[in-house]
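I have placed the structure first, in the form of structure tokens, so that the comments after it can refer back to it.
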Amino acid sequence: METTVNTYEAKTHLSRLLERVERGEEIIIARAGRPVARLVPIANQRKPRVPGAWKGRIWMAPDFDELPEDILAAFEGDDPDDPLNWGNKP
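Sequential numbering of the sequence shown, starting at 9, is according to our numbering.
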């Protein structure tokens with residue numbers, strides 16, 4: 009189903025028009041009685057995810073989850089090489 013509205017009505021009732029478009033209706037927006045735009049629903053462009061699609065394609069190092077001591081020290085404020093470390097701990 010197709011409905012034509014003028015620009016004033018489209019600006020005033022945009023939310024309502026979008027609800028109608030979401031239900032599948034097409035809305036033509038006209039200026040001075042001449043069609044200039046069409047509001048149409050967007051087709052679902054995403055395909056559903058398929059679990060395991062990348063199985064066997066990705067490799068992670070065995071130590072992926074391990075945090076090196078120097079990085080942990082930097083996060084905790086214990087890094088002696090950090091120029092902002094004044095030796096104070098909160």
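For every residue, glycine included, the Cβ atom is placed at its ideal position computed from N, Cα and C.
Sort out for me which residues DSSP pairs GLU14 with in a bridge.
-> Per the sequence presented here, residue 14 reads as Asn, with Glu not at that position. For ASN14, which the question treats as bridged, DSSP gives the partners ALA38.
Below 9 Å between beta carbons: does that hold for VAL13 and GLU34?
-> Cβ distance not < 9 Å, so VAL13 and GLU34 don't count as in contact.
DSSP-derived helix/strand/coil call for ALA82 = In this structure, ALA82 counts as helix in the three-state DSSP scheme.
Span of the alpha helix (DSSP H) around ARG28 = 22 to 30 is the span of the alpha helix (DSSP H), which, as asked, contains ARG28.
If you check the beta carbons only, do ALA38 and THR15 fall under 9 Å apart?
-> It is a contact, given that the beta carbons lie within the stated cut-off.
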